[in-house]
Amino acid sequence: MDYAQSQRAPGKHLSGFMVVVVLHIILGWALLNGLARKIVEVVKAPIETKIIEEVKPPPPPPPENLPPPPKTAPPPPSYVPPPEVQIANPTPAPAITVSRDVPPPAPPVTIAPPPGPPTPPAPAAPRVAAKPAIANVQACAPKNEDYPPAALRAEATGITKIRFTIDGTGKLVKTEIVKSAGSSREHRLLDRVAAEKLSGCNFTPGIDDHGKPVGGVFDVEYVWKVE
């Protein structure tokens, strides 16, 4: 039977364990009883005691040629308090006045009042009604004697439209024919005469919203007709 098979029978191990425990209990009881008797017998035996007395050595002899004992000093004299001396109150020392230069007081600080509210701006000048530049064409318009003879023989008629540009002083700056009186050579003669005559007119500059003179551009139409 191997070790593995022996481990499969736990009943045998339990009985062996119980036998070992019982043997230990019996052995312990025997040891306790035997030892207790020996201890009691040892304690009951008589114990002898002896008292040893300490022997003190004899005192040494007194030394020879000892110095004489010191003389006793006389008692100190009794304390007599000195007589009280009354001292008059000393005159107090005069007070010492120390003068020092004191700087003059600072001048008062003048605080300027805060500035008032700003002055409102002056009201704007009232606007002026603007006026355009004009020309007095009645005094310089072409007359019957200014009608070109070739255009008169051809009985050429029409409307010549001229655009004038002037500056702020009323001076004529530019003359432009924007519409011819017709398509023939005689009509172009009419346009040339109208531009020459009307350019000699007196021009008046315009006025803006602030009343200042300004230049301008305006158109003038002249009607050519045979009477």
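Sequential numbering of the sequence shown, starting at 2, is according to the working numbering.
For each residue, glycine too, the CB sits at the ideal point set by N, CA and C.
In this structure, the CA atom of residue 141 is about 31 Å from the CA atom of residue 211. Looking only at 27, 130 and 228, the smallest Cα-Cα distance to residue 154 is reached by 228. Linking residue 201 to residue 128 through their CA atoms gives a straight-line distance of about 33 Å. Take the alpha-carbon of residue 192 and the one of residue 174: they are about 19 Å apart. Here residue 159 is bridged, per DSSP, to 225. By the neighbour-count criterion, in which 16 or more other beta carbons inside 10 Å mark a residue as buried, residue 207 falls on the buried side.
When rounded, the separation of the alpha-carbon atoms in residue 136 and residue 203 is 6 Å. In this structure residue 217 is buried. Its beta-carbon is surrounded by 16 or more other beta-carbon atoms within 10 angstroms. Closest option to residue 222, judged by alpha-carbon separation, among 178, 214, 209 and 190: 178.
Secondary structure of residue 108 (DSSP, three-state): coil. In the three-state scheme derived from DSSP, where H, G and I count as helix and E and B as strand, residue 17 is classed as helix.
One thing to note: residue 167 has its Cβ within 8 Å of the Cβ of residue 134. Counting along the chain, residue 198 sits inside the alpha helix (DSSP H) bounded by residues 186 to 199. Residue 182 has its alpha-carbon roughly 14 Å from the corresponding atom of residue 143. The beta carbons of residue 147 and residue 226 sit no closer together than 8 Å. DSSP places residue 133 outside both helix and strand once states are collapsed to three, so it counts as coil.
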